[in-house]
Amino acid sequence: MIRKIIPVFFLPFFLLLFLQPVHALAKDSFLSIESLTSPGGITFWYVEDRSVPIIAMSFAFKGAGTKNDPEDKQGLVRLASNTMDEGAGDLDSQAFQKALSDHSITLRFDASRDNFSGTLRTLKKNQDKAYALLTLALTSPRFDPAPLDRMKNANLARIKTSMAEPDWISARLVNDLAYENEPYALNSGGTLSSLPRITPADLKAYHKDYITKDRLVIGLTGDLSKKEAEEAVDRIFAQLPKTGAPKTGSDFTMKNPSITALYKKDIPQTLVHIVLPGIRQDDPDYYPFLVMNQIFGSGGFGSRLMEEVREKRGLTYGIYSNLSRMDHTQTFNISASTRNDQYEEMMRLVKKEMLKIKSTPVSDKELKDAKAYLTGSFPLSLSSTAQIASVLLGLQLDHLPINYLDHRTENINAVTKDDIMRIAARILKEDTLLTVLVGAPENVKTDKIIEVLPNVN
Amino acid sequence: MFRFLFLCSALLLLSCPAHAETVFNAKHFTLENGMDVVLIENHRVPIITHMIWYKVGAADEPSGQSGIAHFLEHLMFKGSGDLKPGEFSKTISALGGRDNAFTSQDYTAYFQMIAAEHLETVMKMEAGRMNGLKPPLSEVESEHKVVIEERRQNIENNPRRHFFETMQAALFPNHPYGTPVIGWMSEMQAMTWEQAYAFYDKWYAPNNAILVVSGDVTLEELKPLAEKIYGVLPRENVPVRKRNIIPPLKGEIKLTFESEDIHQRTITRMYRVPSHRTENRTDSLALELLTEILGGDSTTRLYKKLVVEDAKAATIQLSYDPASYDDSTLWLHATPLDNVSAEELEAAIDEILTDFIKKGPTEQELTEAQNRMENAAIFARDSVTGPAMAFGYTLATGGTIDDVEYWPDQIKLITTEQIQNVAERFLDPAQKGDGHMVTGYMFPKTTTNHKNSKNREAQ
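Printed below as a string of structure tokens:
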């Protein structure tokens, strides 16, 4: 189901701090990860951790994400994730939810563009019930019309509520332009017209085709032994079909470089979102990229963008750069908001910093500090059972070896100033920015004025 | 994002404190200068969360200086002791840590998450800015612009948040909670370094601060460090917090926001209710249970009746945060389905409330809610920063360590009658006329020639 939609008022930037992306950081392994194969033949990653009487599992079906939505049924996979815990087997929606609630079991399904994923968290004392409910949800979801309607209504309300939010508007434009004519361009949360078209039969077909063992990846941790872990995995997943729909999708490079697009809105600030082609995780220059980005804009305070735009001049509350990695394309993003009349100056500063990091070696201190942060902060994302499960899943989704964390530090420490200039020159092409603006910026030359939001209606 | 306002504390950051016996087994001591120290040991990973909570927030600002508590929080990163502007965060980052701070109406907190071996370094830096704040004026100027951009970004760019701010102002007349933590724009623009320093000088002192450390450190290790680093700071005279009283009001307060930027009708109610400090403590515990029983999840009363059975609402939420120095707010937020009028949905909500007041919760509802909350307390232990937050906001708003540690036991003692009683006193639809509740309606405004009219559907 869709949990509470928190009123926007409550949205804390705070959460960003705690929900670090899995692939962000790493240090030496006090995480002793084991790859196990169950008697039923399912391989998964496991960490024993008896700190608290809790068990957490993160799993995903690779390539089963929202990129599979038909254009006229955008939001189908998201709705599948909203409804898979809304009744299964003999339990209708309320009975299923009540069973979760009475045992304090957290079961959640999610859909990213690439993957369909789930998390299960339970007290050890309720583990049997938790496994039974997850098994039911995965193998015999009901997709009853009534709960499906409720989830559609909640999504429609979410979309209409979000239409007041500049950052949501910006995301619609960025997706549409950067991924033009590709499945990623669609609205994974559905549109006002597509959601009503989706039927229980659509969800059942999706479930049959995509919730299959050949796509399955699992991370399991907490208060359970290897044997218990293997039994749990077999119990939950063994009955799933071996295969389903063929894998689809092909790689592409970001679209619409060198375009400035504006959605006019009468608000005091302009939201700026800059997009450039990014870099793959398996690229030989991936580690140089990580260090370069830490220095350039992903590091918050101390990074050059934040120093120049916020700390020295007070032009913004925050400016950040980040890499978005998906299966078929990668983008490098810079985003910030600034008062409408300061837009031009902010863009000038961003371009100046791009040029600078390409042409002048970073300082010794910058290099040292960036490496220290990237290597030293990883343990901060291992402080709960659910976080550990999430790390186990994330490493596998990134196709990383089980000893990855052991080598990450040395790979980062090997990066040189020349490496940084090389990767900066490759990524930070200030003449080919896709720039998406929401607001009423002054002194802007636009190539495109967007009148109607794409993939909303 | 950095140095943000802390708009809502307990609700999102961790489920809840507590469980039978003690929940976290925290250790507590007080330094000679009056500074309280709380330690929650957790040796799972060699990291710590280190937090300093000052028992002062936006509600303690002088009249006409709204935003100064939060501005000061930003300036605390701009040079102190031996640290140059910005050096605090850069040092933490270069040690592989993260730091941040937040301001609420009642407290201002600074925290770092970092490898346990750096605890002493972090403590020294934090102690250094308790007395030694000295940002250069140029930095004060640029940071002044930053907080103004922060208000533009978080409030003025976003009509919904701007409306919630207006509702809050209506709910707390003559009381500082009616003034936003970030400040009113006109007063923010007039803020000065002298005002910020005066606020710092008046309120920032060891005897008005709480040190909370959670993670991989023992009491034997922490205590001598705390004595050596924080214990040497001099005790200061700190005023008693004094806030204006909300006068008795007449009339039902309803605000309507009709705008072309709004595309979804919503109904939001804010009820002014007791916090854990303002009335009998059992009132706030009963309100926590009431919130759980009526709005805990999709199987509890409001959702079950309004979304599942009667299909009147697309969403319904209820939330309540007991950790507040003065009265707190209980939120109800509902989205009517397109074929249901706001009046119809409100009438249905009121019917549920009236029935609840008349009959109270069932014993089964109470037991199930208590069990969920007891389990939530076990999950709360599965975190390093979560427990530190729980102690911080509880103590900084007038609660005690036992309030956190024995929360499940206290919850278990609450009866159906006590819950019925708080429902009747604070949520009774028949009592809407006494101004303890504000209802806010957001409605789309349809125009014929606006450029976006295609995006909007008829309501």
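Same order as they appear, the protein sequences are chains R and A.
Using the working numbering, read the first sequence as starting at 1 and increasing by one per residue.
Using the working numbering, read the second sequence as starting at 1001 and increasing by one per residue.
A virtual CB, placed ideally from N, CA and C, is assigned to each residue, including glycine.
Cβ neighbours of residue i in the same chain (closer than 7 Å, five flanking residues each side left out)
i	result
K67 of chain R	R113, D114, P183, Y184 and G249
L374 of chain R	L25, L290, V291, Q294 and I412
E1252 of chain A	K1432 and G1433
A1313 of chain A	L1306, V1307, A1334, T1335, P1336, L1337 and L1345
G1398 of chain A	R1277 and Y1325
M326 of chain R	R113, D114 and Y184
L453 of chain R	I169 and R172
Inter-residue Cα distance where the pair is residue i and residue j
i	j	result
E34 of chain R	Q94 of chain R	38 Å
L437 of chain R	D176 of chain R	13 Å
M1001 of chain A	H1162 of chain A	Residue placement at M1001 of chain A is flagged as unreliable, the pLDDT there being 28, under the threshold of 50; the coordinate-derived value follows with that caveat. Their backbone Cα atoms lie some 20 Å apart in a straight line.
S359 of chain R	P401 of chain R	35 Å
E308 of chain R	V415 of chain R	24 Å
K125 of chain R	S383 of chain R	22 Å
E1041 of chain A	D1382 of chain A	12 Å
H407 of chain R	G1096 of chain A	17 Å
L220 of chain R	K356 of chain R	45 Å
D49 of chain R	T122 of chain R	14 Å
T243 of chain R	K213 of chain R	6 Å
I1050 of chain A	P361 of chain R	Sequence inspection shows His at residue 1050 of chain A; the Ile mentioned does not correspond to that position. Their Cα atoms are separated by approximately 35 Å.
F1199 of chain A	A1069 of chain A	7 Å
G439 of chain R	D447 of chain R	15 Å
A1094 of chain A	D369 of chain R	5 Å
Q342 of chain R	T270 of chain R	9 Å
V1422 of chain A	S1275 of chain A	12 Å
L1219 of chain A	T1394 of chain A	21 Å
T1329 of chain A	R1152 of chain A	25 Å
C-beta contact flag for residue i and residue j at 8 Å
i	j	result
P288 of chain R	I423 of chain R	yes
G1081 of chain A	I1182 of chain A	no
A1380 of chain A	V1023 of chain A	yes
L397 of chain R	V217 of chain R	yes
I236 of chain R	Y131 of chain R	yes
T119 of chain R	A386 of chain R	yes
P1234 of chain A	N1033 of chain A	yes
Contact set for residue i: own chain, Cβ-Cβ below 8 Å, skip 5 residues either direction
i	result
I1411 of chain A	A1018, L1285, E1288, L1289, Q1370, M1373 and E1374
F96 of chain R	D85, E86, G87, A88, L133, L136 and A137
P200 of chain R	F143, D144, P145 and L148
Q1264 of chain A	T1335, M1442 and P1444
K1305 of chain A	A1348 and I1352
N181 of chain R	K255
Interface flag, residue i vs chain C, CB-CB below 8 Å
i	result
A261 of chain R	No chain C is present in this structure, whose protein chains are R and A.
Contacting residues, own chain, Cβ-Cβ under 6 Å from residue i (five flanking each side not counted)
i	result
A111 of chain R	G65, T66, V77, R78 and S81
T1439 of chain A	K1254 and R1269
F59 of chain R	G118 and I218
V1038 of chain A	A1026, H1028, V1212 and F1391
R304 of chain R	F296 and E353
Assess contact between the segment 135 to 148 of chain R and the segment 88 to 96 of chain R, defined as three or more Cβ pairs (one per stretch) separated by less than 8 Å. Is contact present? At 8 Å Cβ cutoff, the stretches touch.
Does the segment 1208 to 1217 of chain A touch the segment 1378 to 1390 of chain A, meaning 3 or more C-beta pairs lie closer than 8 Å? The segment 1208 to 1217 of chain A and the segment 1378 to 1390 of chain A touch, with three or more beta-carbon pairs separated by less than 8 Å.
What are the residues of the segment 138 to 154 of chain R that lie near chain A, defined by any Cβ-Cβ distance shorter than 7 Å? The segment 138 to 154 of chain R vs chain A, Cβ under 7 Å: R150, N153 and A154.
Near-chain A residues of the segment 157 to 185 of chain R - C-beta to any C-beta below 7 Å: So the list reads A157, K160, T161, M163, A164, E165 and P166, given in the order they occur along the chain.
Beta carbons nearer than 9 Å to chain A: which residues of the segment 310 to 331 of chain R have them? R310, E311, K312, R313, G314, L315, T316, Y317, G318 and Y320
Within 8 Å, do at least three Cβ pairs link the segment 297 to 308 of chain R to the segment 154 to 173 of chain R? Flag = no, the segment 154 to 173 of chain R and the segment 297 to 308 of chain R do not touch.
Which of the residues in the segment 1348 to 1372 of chain A, read from start to end, lie with their CB under 9 Å from any CB of chain R? Residues passing the 9 Å Cβ filter: E1368, N1371 and R1372.
Closer than 8 Å is the cut-off here; do at least three beta carbon pairs connect the segment 1410 to 1424 of chain A with the segment 1354 to 1364 of chain A? Contact check between the segment 1410 to 1424 of chain A and the segment 1354 to 1364 of chain A: three or more CB pairs, one atom from each, fall below 8 Å, which counts as touching.
Cβ-based contacts, 7 Å cut-off: residues of the segment 81 to 114 of chain R near chain A: Q94, Q97, K98, S101, D102 and S104
Proximal residues, the segment 296 to 308 of chain R versus chain A, C-beta separation under 7 Å: G299, G300, F301 and G302
Should the segment 1418 to 1433 of chain A be regarded as contacting the segment 1299 to 1307 of chain A, the criterion being three or more beta carbon pairs within less than 8 Å? no
If we count Cβ pairs, one from each stretch, closer than 8 Å, do we get three or more for the segment 1172 to 1181 of chain A versus the segment 1053 to 1072 of chain A? yes
Between the segment 1227 to 1239 of chain A and the segment 1119 to 1126 of chain A, do at least 3 Cβ pairs fall closer than 8 Å? yes
May I ask you to list, following chain order, the residues of the segment 386 to 408 of chain R that have a beta carbon less than 8 Å from some beta carbon of chain A? A386
If the cut-off is 8 Å on Cβ atoms, which residues from the segment 1230 to 1247 of chain A count as contacting chain R, listed in chain order? none
In chain order, what residues of the segment 362 to 379 of chain R put their CB closer than 9 Å to some CB of chain A? K365, K368, D369, A370, A372, Y373, L374, T375, G376, S377, F378 and P379
At a CB distance below 7 Å, what residues from the segment 1155 to 1182 of chain A approach chain R? Give them in sequence order. E1156, N1157, N1158, P1159, R1160, R1161 and F1164
Does the count of Cβ pairs from the segment 331 to 347 of chain R and the segment 257 to 275 of chain R closer than 8 Å reach three? Segments in contact, yes.
Tell me which residues of the segment 260 to 286 of chain R have at least one Cβ-Cβ distance to chain A shorter than 7 Å, keeping chain order. I267, P268 and Q269
Against chain A, which members of the segment 207 to 226 of chain R pass a CB distance test of less than 8 Å? none
Given a limit of 9 Å on CB to CB distance, which residues of the segment 47 to 62 of chain R reach chain A? D49, S51, V52, P53, I54 and A56
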